[in-house]
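A.B. asks:
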Amino acid sequence: RRKLSEKAVGDAGRQAAHDFSRQALHAATLGFEHPVSKAMLRFEAPMPADMVGLVAALGGETTA
13 RRKLSEKAVG DAGRQAAHDF SRQALHAATL GFEHPVSKAM LRFEAPMPAD MVGLVAALGG
73 ETTA
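Heads up: the sequence shown is residues 13 to 76, going by this note's numbering.
Have a look at this one:
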């Protein structure tokens, strides 16, 4: 988790340090209750390749 006041990788001013030209934000899983049917909906998305490279370069893990 990050606070809204903290800069994320990809913010102006940090771009040159990591050579990443966009916000480094990714929602791997999103879920919610449908407002009409009340069915629980869940969506998953793989991390984009450029972000996988960034996470690896920063010494992080891309798998849970």
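Don't be surprised by glycine CBs; every beta carbon is placed ideally from N, CA and C.
Taking C-alpha atoms, which residue in G72, R54, L70, A68 lies nearest to A1?
C.D. replies: In the structure as shown, the chain begins at 13 and stops at 76. Residue 1 is therefore absent and cannot be evaluated.
A.B. asks: Going by DSSP, name the residue or residues bridged to E56.
C.D. replies: Counting from one through the sequence shown, the residue named residue 56 turns up at place 44. DSSP lists T41 as partners of E56.
A.B. asks: Should M52 go down as buried or exposed, given a rule of 16 or more other Cβ atoms within 10 Å for buried?
C.D. replies: In the sequence shown, the residue the question calls residue 52 occupies position 40. It is exposed - the Cβ of M52 has fewer than 16 other Cβ atoms within 10 Å.
A.B. asks: Alpha carbon to alpha carbon, how far is M59 from L70? Give it in angstroms, no decimals.
C.D. replies: The residue labelled residue 70 in the question sits at position 58 within the sequence shown. The residue labelled residue 59 in the question sits at position 47 within the sequence shown. When rounded, the distance between both Cα atoms is 15 Å.
A.B. asks: Spatial neighbours of E45 within its chain, please: CB distance less than 8 Å, with the 5 preceding and 5 following residues excluded, ordered by chain position.
C.D. replies: Start at 1 with the first residue of the sequence shown, and residue 45 comes out as number 33. Counting only Cβ-Cβ distances below 8 Å, and skipping sequence neighbours, we find A51, M52, L53.
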